[in-house]
Every structure is written in C-alpha cells, then in structure tokens.
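Note sheet for the following structure.
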Amino acid sequence: MAVSGAVLVFFLVAHMAGNLKIFAGAESFNGYAAWLREVGYPLLPHRGLLTLLEAGLVVAIAAHMYSAIVLARRAAHARPVKYAARVKSRANGYATRTMRWGGVIIFFFVIYHLLDMTFGVANPEGHEATPFARMVAGFEPARWYITVFYVISVVMVGLHLRHGLWSALQTLGLARRYPVLTLSAAALSGLLTIGFLVVPLAITFGVVK
Amino acid sequence: MNLTLKVWRQSGPDDDGRLVRYQIEDVSPDMSFLEMLDVLNERLILAGDDPIAFDHDCREGICGMCSMMIDGVAHGPQKNTTTCQLHMRHYNDGDTIVIEPWRARPFPVVKDLVVDRSAFDRIIQAGGFISVPAGSAPDAHATPVPKLDADSAFDAATCIGCGACVAACPNGSASLFTAAKITHLGLLPQGQPERGSRARAMVEQMDEEGFGGCTNTGECTAVCPKGIPLDTIARMNADYLRASRKSG
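Residue numbers (UniProt numbering), protein chains in the order written: chain A, 1 to 209; chain B, 1 to 248.
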C-alpha cells in the first residue's frame with residue numbers, strides 16, 4: 001500500500017507540474033506533451049520512456065488496489081460479528097474514513113479521465129486534436145458539469161492523500177514528529193489539490209482559451 | 001437516575017446471542033459503570049435470573065480486565081478511562097446505553113460480555129520478553145538508560161492489554177497492543193539483543209491469530225485507556241522491516 005502509493009504520489013507531482021504548463025500557452029503545453037514522447041530519442045525508441053512509465057503506473061495501481069482488497073478482506077475476516085450500536089469514530093479524520101470507498105470513486109474517475117484526455121473517446125475534440133485543444137474543449141464553459149465532476153474527484157484525491165501521505169511513512173516505519181508530519185501531509189495534499197484544480201477552473205472561467 | 005440498558009446476552013460460545021433490554025432505577029451518579037452493573041446483577045439474582053457475566057478485577061484502572069463496548073465506544077465516552085473508572089455522573093436520567101463485548105474473531109465471546117483474550121497472551125509468548133538470567137534485583141543505575149528513552153518506554157509499558165484497540169479498530173487490528181510491547185522492550189538496553197527477532201515473532205503471531213491489518217486510522221489510540229501513542233506502531237514497523245531485510 002505504502003510503496004505503490006508513493007509511486008503514485010511522485011506521478012501526481014509530475015502530472016500537476018505538466019498541467020500547469022497550460023498557463024504558458026498552447027505551444028508550450030503541446031511541446032511538453034510531444035517532448036514526453038521523445039525523451040531520450042534516439043537512444044530510446046519513440047514513446048520509449050513514456051511507455052515504461054505508463055507500465056510502471058499500471059503496476060503501481062494494480063498493487064495499490066490489490067493491497068486495499070487484501071486489507072479489506074482481512075478486516076472483514078477479523079470482525080465476523082458487527083457491533084449493534086453504531087460505532088462512533090473517536091479519531092478525527094474524515095479523510096481516513098473515506099479511504100476505502102474514496103479509492104473506488106477515484107478509480108472510476110481515472111477511467112473517465114483516461115477516456116477523456118488520453119484516448120479522447122469522451123472528449124469533444126477526439127483523439128486527433130492537440131493536447132491543448134483537447135484540454136480546452138474538455139472544460140469549455142458549456143461542459144461545466146464535467147468541470148464540477150473533475151473538481152469533486154480531485155478533492156477526493158486530495159482527501160485520499162491527506163491520510164495516505166503520512167500513513168505511508170507510518171507503515172514504512174519512517175514516521176516521526178507527528179504534528180509536523182500530519183501538517184506537511186495536509187499542506188502537500190492541499191497544494192496538489194489546488195494545482196490540479198486551477199487548470200480546469202481556468203478553462204471553464206475563460207482564463208485559458 | 002433511571003436508565004435503560006441494552007446488554008448483549010449470550011449463554012456460551014455456541015449461542016447466537018442477542019441484546020436484552022433492562023430497566024434500572026435509582027442509579028447513583030457516584031456509582032462506577034461496573035457498580036451500576038453489580039446492582040443490576042443483584043436484582044437479576046434476586047429475581048432468579050442469570051446475572052450478566054463481565055470481566056473485572058482491580059477496579060482501579062490498572063489491570064486491563066474490564067472490556068465493554070459502550071454505545072459503540074470502547075470503554076465508553078470518557079477519554080483515557082477504563083470502564084471501571086467511568087462513573088455514572090456522565091449519564092443523564094432516561095438515557096439508553098448499549099453494552100456489547102469486544103468484537104473480533106481472535107476474541108471469541110465466552111459468555112455475555114466476557115471475551116477470551118488469550119490471543120494477546122500468545123503474542124507476548126512469541127517475543128514479549130527479554131532472555132536474561134533472573135536473580136536478585138540489579139543495582140540501580142548499573143545499566144544507564146537515557147531519560148527520554150526511559151520515559152517513552154514507560155509510556156508504552158503502561159499498556160494494560162485490555163484489547164480496546166482491537167475493539168475500536170475498523171480493521172480489527174492488534175497493532176497498537178503489539179507495538180506497545182515492542183516499543184517498551186525495544187527502547188531499553190536490556191531489550192536490544194532480541195529486538196529484531198522479537199518484532200518479527202510478535203508481528204507474525206499477531207497475523208496468525210487473525211487480527212486485521214493496520215491502516216493507521218488512529219481509532220485505537222483515541223480509545224486507549226492509557227493513551228498509548230501511534231508512534232509505537234511506526235517503531236514496530238521499522239523494527240519489523242529492518243529484521244525482515246536482514247534475515248530475508
């Protein structure tokens with residue numbers, strides 16, 4: 001859970017940085033997308049590094065889901081008889097309580113997101129358009145409901161990270177100085193959430209055209 | 001005050017069990033929670049009924065025997081408090097209180113509110129000790145221990161093994177208990193030779209007993225009557241991972 005989650009966190013940071021290039025204009029954004037496919041060429045084949053990274057991500061996601069299922073099954077096995085009274089949470093953590101089902105929601109979001117931005121199936125511009133055109137068309141004001149869906153999903157990701165970031169360090173036995181640790185987790189997940197939200201919001205509100 | 005209790009009654013391990021409603025009148029706010037149950041039991045005995053079985057021993061918050069899920073909270077609403085130290089002044093006239101046993105597969109119900117916590121004993125037997133020749137007490141300060149380590153070890157050593165951590169954990173994990181023992185011994189010089197093997201043996205026994213996995217929800221430390229901190233679990237994980245890397 002911790003190791004696969006850490007891989008995904010590094011991916012999210014890179015993904016956010018790439019997204020923010022939209023503010024530097026269409027050329028910069030499309031150039032970045034093209035560069036991703038050409039890194040290391042001719043030493044590496046076209047899309048060489050990108051394919052490798054994508055394969056790594058698929059493995060990380062599969063491992064993350066597998067660990068979650070194992071943990072959930074172990075939890076169900078460990079408590080065959082449930083409490084009659086509603087169990088009150090004493091630890092304050094909305095983020096913690098939504099990890100399991102939040103993760104499922106994030107999974108479905110990722111599928112839609114890939115259909116929208118990677119494969120272009122759910123995108124008005126389709127697969128042949130430039131990445132910039134796909135982005136702008138995807139979040140155009142008329143498709144405000146898509147933006148709302150993205151905002152909710154990204155907030156879910158942020159909540160998932162709020163617990164996941166420090167929990168991973170705890171699982172790996174690296175957690176120290178808890179107030180600083182959990183505050184840093186909150187700050188980093190907040191930063192990632194905002195970094196991911198500004199792009200679709202900027203398009204929907206016409207800042208980026 | 002007058003209260004309504006809904007208490008889990010189960011005649012034995014093979015009985016299905018059910019919540020039974022009891023009315024209890026004239027409860028004094030000065031009574032402890034267990035004294036309130038004693039009064040109810042006296043009335044049940046006088047009426048020829050089977051009294052409610054529950055674990056208790058010292059009744060001063062240090063033995064770890066009392067174990068009740070009170071309205072969905074292990075040891076009831078008071079923080080850092082065992083059931084025996086919970087007093088009825090925290091309740092109001094007319095309240096309904098649901099009392100259940102700890103729920104976990106490794107803690108099977110023996111009768112009513114009594115569960116078998118032998119799984120904890122087996123975790124201790126797996127490694128919760130130091131192998132030194134016992135004899136007369138060693139001289140004070142013969143082995144220097146840094147003050148901060150002594151304090152942290154003592155904090156962990158206050159674990160009374162009641163099992164509230166397991167009862168409150170949504171995963172049914174025994175990590176806080178096991179981590180408290182590993183931290184207590186692992187911080188002291190006497191515990192160093194077996195630090196790695198202890199962590200491995202105890203964690204493996206914990207998993208073998210059928211406890212769930214830890215997802216760091218923090219519910220355990222929130223209900224722990226001794227307030228065992230969550231950093232003990234990080235220490236357990238660190239010791240376990242280091243030992244596993246070394247011996248493959």
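C-beta atoms are modelled at their ideal positions from N, C-alpha and C, and glycine is treated no differently.
Could you name the residues of the same chain whose beta carbon sits closer than 7 angstroms to that of residue i, not counting the 5 residues immediately before and after it, in chain order?
i: residue 40 of chain A; result: 48, 49
i: residue 18 of chain A; result: 32
i: residue 140 of chain B; result: none
i: residue 246 of chain B; result: 196
i: residue 119 of chain A; result: 127
i: residue 157 of chain B; result: 184
i: residue 16 of chain A; result: 192, 195, 196
i: residue 73 of chain B; result: 223
i: residue 145 of chain B; result: 188, 189
So residue i contacts chain A; which residues on that side make the cut at Cβ distance below 9 angstroms?
i: residue 41 of chain B; result: None at all; the shortest Cβ gap to chain A is about 21 angstroms.
i: residue 265 of chain B; result: Any question about residue 265 of chain B goes unanswered here, given that chain B covers just 1 to 248.
i: residue 120 of chain B; result: What residue 120 of chain B touches in chain A: nothing, since even the nearest Cβ is about 14 angstroms away.
Show which residues of chain A have a CB atom less than 7 angstroms away from the CB atom of residue i.
i: residue 15 of chain B; result: The contacting residues do not exist; residue 15 of chain B stays about 12 angstroms from chain A at best.
i: residue 19 of chain B; result: 84
i: residue 170 of chain B; result: 75
i: residue 98 of chain B; result: 84, 85
i: residue 251 of chain B; result: Summary: the structure shown does not reach residue 251 of chain B, with chain B confined to residues 1 through 248, and so no result is reported for it.
Starting from residue i, trace the beta strand (DSSP E) in both directions and tell me its first and last residue.
i: residue 9 of chain B; result: 3-9
i: residue 19 of chain B; result: 18-24
i: residue 51 of chain A; result: No beta strand (DSSP E) holds residue 51 of chain A; the alpha helix (DSSP H) holding it covers 48-78.
i: residue 96 of chain B; result: 96-100
i: residue 79 of chain B; result: Careful: residue 79 of chain B lies outside any beta strand (DSSP E) and carries neither H nor E.
i: residue 252 of chain B; result: Since the first residue shown for chain B is 1 and the last is 248, residue 252 of chain B is missing from the structure and cannot be characterised.
Can you tell which of the options has its C-alpha closest to the C-alpha of residue i?
i: residue 96 of chain B; options: B/209, B/4, B/85; result: B/4
i: residue 124 of chain B; options: B/13, B/209, B/100; result: B/209
i: residue 129 of chain A; options: A/3, A/74, A/15, A/30; result: A/30
i: residue 222 of chain B; options: A/123, A/89, A/4, A/51; result: A/89
i: residue 62 of chain A; options: A/99, A/4, A/87, A/16; result: A/4
i: residue 52 of chain B; options: B/68, B/60, B/232; result: B/68
i: residue 241 of chain B; options: B/219, B/211, B/202; result: B/202
i: residue 191 of chain B; options: B/18, B/239, B/135; result: B/239
i: residue 110 of chain A; options: A/173, A/151, A/23; result: A/151
i: residue 15 of chain B; options: A/67, A/51, A/81, A/116; result: A/81
i: residue 8 of chain A; options: A/55, A/167, A/60, A/53; result: A/60
i: residue 94 of chain B; options: B/59, B/24, B/155, B/130; result: B/24
i: residue 218 of chain B; options: B/225, B/78, B/169, B/111; result: B/169
i: residue 209 of chain A; options: A/11, A/6, A/22, A/78; result: A/22
i: residue 78 of chain A; options: B/145, B/171, B/76, B/113; result: B/171
i: residue 25 of chain A; options: A/70, A/131, A/43; result: A/131
i: residue 146 of chain A; options: A/167, A/172, A/122; result: A/122
Can you list, in chain order, the residues of its chain whose CB lies under 8 angstroms from that of residue i, leaving out five sequence neighbours each side?
i: residue 92 of chain B; result: 1
i: residue 159 of chain A; result: 94, 95, 98, 102, 189
i: residue 169 of chain A; result: 2, 175, 181
i: residue 120 of chain B; result: 161, 163, 174, 177
i: residue 105 of chain A; result: 153, 156
i: residue 13 of chain A; result: 192
i: residue 46 of chain A; result: 37, 38
i: residue 57 of chain A; result: 7, 8, 11
Would you mind telling me which residues of chain B sit closer than 8 angstroms to residue i, beta carbon to beta carbon, in chain order?
i: residue 99 of chain A; result: 215
i: residue 51 of chain A; result: Neighbours of residue 51 of chain A on chain B: none; closest Cβ ~32 angstroms, over 8 angstroms.
i: residue 167 of chain A; result: 215, 216
i: residue 93 of chain A; result: 217, 218
i: residue 112 of chain A; result: Neighbours of residue 112 of chain A on chain B: none; closest Cβ ~27 angstroms, over 8 angstroms.
What does residue i reach in chain B if we use C-beta pairs closer than 7 angstroms?
i: residue 80 of chain A; result: 105
i: residue 175 of chain A; result: 231, 234
i: residue 89 of chain A; result: 219
i: residue 20 of chain A; result: Under the 7 angstroms cutoff, chain B gives no residues; its nearest Cβ is about 31 angstroms from residue 20 of chain A.
Short of 6 angstroms in beta carbon distance, which residues of its chain neighbour residue i, apart from the five on each side in sequence? Order them along the chain.
i: residue 109 of chain B; result: 10, 101, 115
i: residue 27 of chain B; result: 1, 3, 36, 88
i: residue 206 of chain B; result: 123, 174, 178
i: residue 33 of chain B; result: 83, 86
First and last residue of the alpha helix (DSSP H) that includes residue i?
i: residue 208 of chain A; result: It is not in any alpha helix (DSSP H) - residue 208 of chain A carries neither H nor E in the DSSP assignment.
i: residue 205 of chain B; result: 195-208
i: residue 90 of chain B; result: Looking at the DSSP string, residue 90 of chain B is not in any alpha helix (DSSP H), and its letter there is neither H nor E.
i: residue 183 of chain B; result: 175-186
i: residue 147 of chain B; result: 147-157
i: residue 160 of chain B; result: Where residue 160 of chain B is concerned, there is no enclosing alpha helix (DSSP H), given that its DSSP letter is neither H nor E.
i: residue 161 of chain A; result: 144-171
i: residue 52 of chain B; result: Per DSSP, residue 52 of chain B belongs to no alpha helix (DSSP H) and is neither H nor E.
i: residue 123 of chain B; result: 118-127
i: residue 246 of chain B; result: 231-247
Name the chain B residues whose beta carbon is nearer than 9 angstroms to that of residue i?
i: residue 206 of chain A; result: Result: empty, since nearest Cβ-Cβ is about 42 angstroms, beyond 9 angstroms.
i: residue 172 of chain A; result: 234, 237, 238, 241
Worksheet entry | Contact list for the region 213-241 of chain B against chain A, Cβ threshold 9 angstroms | From the region 213-241 of chain B, only 213, 214, 215, 216, 217, 218, 219, 220, 221, 222, 223, 229, 230, 231, 233, 234, 235, 236, 237, 238, 239, 240, 241 have a Cβ closer than 9 angstroms to chain A.
Discussion item. Please list, in chain order, the residues of the region 48-77 of chain B that have any C-beta partner in chain A closer than 8 angstroms.
Written reply: Taking 8 angstroms as the Cβ-Cβ cut-off against chain A, the residues of the region 48-77 of chain B that qualify are 69, 71, 72, 73.
Worksheet item: For the region 42-73 of chain A, which residues have a beta carbon sitting closer than 8 angstroms to at least one beta carbon of chain B?
Response: For the region 42-73 of chain A, the set of residues with a beta-carbon nearer than 8 angstroms to any beta-carbon of chain B comprises 70, 71, in chain order.
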